[in-house]
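Number of protein chains: 2
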Amino acid sequence: MDYATAKRINQLLTTVYGDIVRVEELALRQSQFKDISIKEVHAVDAISMYEHKTTSQVARELRITPGTLTTMVNHLVRKDYVQRIRSDDDRRFVRLGLTRRGRLIYRAHESFHRKMVESFAKDMDDEQLQIIEKALLNLEAFLEFADPTPKK
Amino acid sequence: MDYATAKRINQLLTTVYGDIVRVEELALRQSQFKDISIKEVHAVDAISMYEHKTTSQVARELRITPGTLTTMVNHLVRKDYVQRIRSDDDRRFVRLGLTRRGRLIYRAHESFHRKMVESFAKDMDDEQLQIIEKALLNLEAFLEFADPTPKK
DNA sequence: TCAAATAGTTCTAACATCAAAATAATAGCA
DNA sequence: TGCTATTATTTTGATGTTAGAACTATTTGA
Numbered sequence: 001m002d003y004a005t006a007k008r009i010n011q012l013l014t015t016v017y018g019d020i021v022r023v024e025e026l027a028l029r030q031s032q033f034k035d036i037s038i039k040e041v042h043a044v045d046a047i048s049m050y051e052h053k054t055t056s057q058v059a060r061e062l063r064i065t066p067g068t069l070t071t072m073v074n075h076l077v078r079k080d081y082v083q084r085i086r087s088d089d090d091r092r093f094v095r096l097g098l099t100r101r102g103r104l105i106y107r108a109h110e111s112f113h114r115k116m117v118e119s120f121a122k123d124m125d126d127e128q129l130q131i132i133e134k135a136l137l138n139l140e141a142f143l144e145f146a147d148p149t150p151k152k
Numbered sequence: 153m154d155y156a157t158a159k160r161i162n163q164l165l166t167t168v169y170g171d172i173v174r175v176e177e178l179a180l181r182q183s184q185f186k187d188i189s190i191k192e193v194h195a196v197d198a199i200s201m202y203e204h205k206t207t208s209q210v211a212r213e214l215r216i217t218p219g220t221l222t223t224m225v226n227h228l229v230r231k232d233y234v235q236r237i238r239s240d241d242d243r244r245f246v247r248l249g250l251t252r253r254g255r256l257i258y259r260a261h262e263s264f265h266r267k268m269v270e271s272f273a274k275d276m277d278d279e280q281l282q283i284i285e286k287a288l289l290n291l292e293a294f295l296e297f298a299d300p301t302p303k304k
C-alpha cells in the first residue's frame, strides 16, 4: 500500500468514530430524549431488550468497572430508562432491564445504526461487503494480537 | 444488505475504535512514555512536527474548546512534550511545537498507526483498497449530512 | 456453623470538559 | 495619536465520568 493511501485510510478510521458519537449526541439533543447522553444510550444498548443481564455482565461488555455502571444505572433508573430486577434464585445478583421509555430509545438508536451501516455499504454488492468485513476483521485480529485480554 | 451482515458490520465499526484506544493506552504503559495518556498523544499528533499551529487551530482540529487545550498543553509542557512559541508578528497568538521528546512519541504513534492500517489492508489489492476507502467516505458523507458543522 | 467468596454499592479522588469572565495584544478609525 | 472593538488565549467555577478501595448483602462449602 502506498503512503498516501495509508494516510487517507488512517485519517478516515480515526475520525469516523468521533463523528458518529457527535452526530448521535446531536440527534439526541433534537429528539424527545434530551435528558440522556450518548454514553448512557450505549449502556441502554448493552443492557438490551430481553436478556436481563447482570450488572457485572453489562459492565464487562461496556468495559467499565461495576462501580461506574452502578452510578450510571442509578441515573438511568431515575430518568426512567432502566429498571433493576433482583434475582430470586440468587439475591446477590441484580438483573437489568429496560422500561418502556428505555425500549423506545433502544429502538431509535438501533435504527440510527442500521441507517448508518446502510449508507456505509451503499451501492455495494455481496463481494464488496465481504471485502469490507474482512478488512475490519483483520483490524480486530491485529488489535487482539496487541492486547489478548478477552472481550467478554 | 441482509440483517445479519448489517449487524456484524455495525458491531465491528462500533467496537473497533474503543479497541484501538485500549491497545494504544496499553502500549504506552509498557513503553518509556508512561506519563502520557492517549488523549495527550492525540494532542501531540494534532500539534504535529513542523507547522507550529496556533492553540485555536489545534483545538478546532481536536474538537475541544481552547480552554481545554490550554490546560492540556500546560501538562504537556510540564512533561516536556510540547513547547509554546509566541508569535513575533502578532503576540496574541501562541504557536505550538514539539520538543525532542514530543517528536519521539509523535513518531512512535505514527508508526503504530501505520502498522495498524497495514494489517487492516493486509492481502488487498488496489481495487479492494478503493472499495474500502469508498465505504469509509460514504460513511463520512452520511455523517456530514446529519451534522453539516464544518470540520476545521 | 461460619469463613471465604461473590455481586453490587458507596465513597473519594482524579481528570476532562465547557462556558463565561478575565487578560493581553492588535486593528481600525475619528 | 488615542480610544474602542475585536481577537487569541488563559483562568475560573461547575459538572460529569471514571477507577479503585472500602463496605454491605448474600451464598457457598468445609
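Just so you know, the protein sequences line up as chains F and D, in that order.
Numbered as in the working numbering, the first sequence ends at 152 without a single skipped number.
Numbered as in the working numbering, the second sequence ends at 304 without a single skipped number.
Don't be surprised by glycine CBs; every beta carbon is placed ideally from N, CA and C.
Does the region 161–174 of chain D come close enough to the region 120–134 of chain F that 3 or more CB-CB pairs lie under 8 Å? yes
In three-state terms, what does DSSP make of F:Gln174? Missing from the structure shown is residue 174 of chain F; chain F here goes from 1 to 152 and no further.
Taking only runs that begin and end inside the region 35–114 of chain F, name each unbroken beta strand (DSSP E) of 3 or more residues, in chain order. 82–86 and 94–98
Near D:Arg253, which residues of its chain fall below 6 Å by C-beta distance, leaving aside the five closest residues on each side in sequence? Asp232 and Tyr233
Can you grab the Cα-Cα spacing for the pair D:Ala287 / F:Pro148, in whole Å? 28 Å
Cβ shell of F:Thr54 (< 7 Å), same chain only, five flanking positions each side left out: Phe93, Val94 and Arg95
Quick one: does F:Met116 have its CB under 8 Å from some CB of chain D? yes
Per DSSP, what kind of secondary structure is D:Ala158 in: helix, strand or coil? helix
Between F:His52, F:Ala46, F:Thr70 and F:Glu51, which has its C-alpha nearest F:Leu62's C-alpha? F:Ala46
Just how far apart, CA to CA, sit D:Arg212 and F:Arg84? 41 Å
Is F:Ser119 helix, strand or coil by DSSP? helix
Within 10 angstroms of its Cβ, does F:Glu127 collect 16 or more other Cβ (buried), or is it exposed? exposed
Report the three-state DSSP secondary structure of D:Thr301 (helix, strand or coil). coil
F:Gln30 versus D:Met153: straight-line alpha-carbon distance, rounded: 29 Å
Assuming F:Arg75 and F:Glu24 make a contact with CB atoms under 8 Å, what is their CB distance in whole Å? The residue asked about is misnamed: residue 75 of chain F is His in this sequence, not Arg. 18 Å between Cβ atoms; not a contact.
With 16 other CB atoms within 10 Å as the buried threshold, where does D:Phe294 fall? buried
Identify, in the order they occur along the chain, each residue of the same chain with its Cβ nearer than 8 Å to the Cβ of D:Arg238, setting aside the five sequence neighbours on each side. Phe245, Val246 and Arg247
Would F:Ala4 be called buried (16 or more neighbouring beta carbons within 10 Å of its own) or exposed? exposed
Going by beta-carbon coordinates alone, are F:Glu140 and D:Asp242 separated by less than 8 Å? no
Rounded separation between F:Pro66 and F:Gln57 - CA only: 9 Å
Along chain F, in chain order, which residues have C-beta atoms closer than 7 Å to that of D:Tyr169? Tyr17
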